[in-house]
Amino acid sequence: MAKKLAGKMKLQIKAGQANPSPPVGPALGQRGINIMEFCKAFNAKTQEMEPGAPVPTVITYYADKSFSFETRTPPASFYLKKAAGLKPVGKRNRPRGSEAPGRQTVATVTIKQVREIAEAKMKDLSANDVESAMQIILGSAKSMGIEVK
Numbered sequence: 032m033a034k035k036l037a038g039k040m041k042l043q044i045k046a047g048q049a050n051p052s053p054p055v056g057p058a059l060g061q062r063g064i065n066i067m068e069f070c071k072a073f074n075a076k077t078q079e080m081e082p083g084a085p086v087p088t089v090i091t092y093y094a095d096k097s098f099s100f101e102t103r104t105p106p107a108s109f110y111l112k113k114a115a116g117l118k119p120v121g122k123r124n125r126p127r128g129s130e131a132p133g134r135q136t137v138a139t140v141t142i143k144q145v146r147e148i149a150e151a152k153m154k155d156l157s158a159n160d161v162e163s164a165m166q167i168i169l170g171s172a173k174s175m176g177i178e179v180k
């Protein structure tokens, strides 16, 4: 017999750095999910990824308090900031795009870098081929104020 689905939730957790502190602990705890079990499973699954990369995660939890989760590739903006070599700034010490995209350029990336990002994100994008995936990445770059040469 199939398990009774209780719900789904989405979290963005840094690769290999899931721990019971907020935001992970409270989000899982209020749904009755074993926090330590999730953290161990998540960290084991993401240990091959770049440490600290934000990983969108979809957690499916069931009425019997069990769960399963699916990880996706980090957001295009993470890859673009890394490729452009943007340095961390601001209160939270994170790299940021332009304050005025379209008018102000903060960095540049090459078409080759855009292709690499598109290939890495291919399974999570709604694109049929690498060329259309590149268009999606180009759109993200433009909205962040990153110029493509």
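Okay, so the sequence shown: first residue is 32 according to this note's numbering, each after it adds one. Virtual Cβ for every residue (Gly too), placed ideally from N, Cα, C.
Applying the 10 Å Cβ sphere with the 16-neighbour rule, what's the burial state of G176? buried
Measuring CA to CA, which of E178, M40, E79 is closest to F30? This structure cannot speak to residue 30, because the chain is shown only from 32 to 180.
Secondary structure at K152, three-state DSSP: helix, strand or coil? helix
Given that a residue counts as buried once 16 or more other Cβ atoms are within 10 Å of its Cβ, and exposed if not, what is K96? exposed
CA nearest to the CA of M80, picked from S163, P105, I66: P105
First through last residue of the beta strand (DSSP E) which encompasses E178: 177-179
Only counting the same chain, and skipping five residues up and downstream in sequence, which positions put a Cβ closer than 7 Å to that of V89? K39, K41, F100, E101
In angstroms, rounded to a whole number, what distance separates the CA positions of A75 and G47? 7 Å
Reference E147, options A58, A114, V86, F73, closest by Cα: A114
Anticipated Cβ contact below 8 Å, A49 with F69, distance rounded: 7 Å
Which one of A58, P87, S157 has the shortest CA to CA distance from I103? At residue 103 the sequence reads Arg, which differs from the Ile that was named. With distances taken between Cα atoms, R103 lies closest to P87.
Where the beta strand (DSSP E) through E101 begins and ends: 98-102
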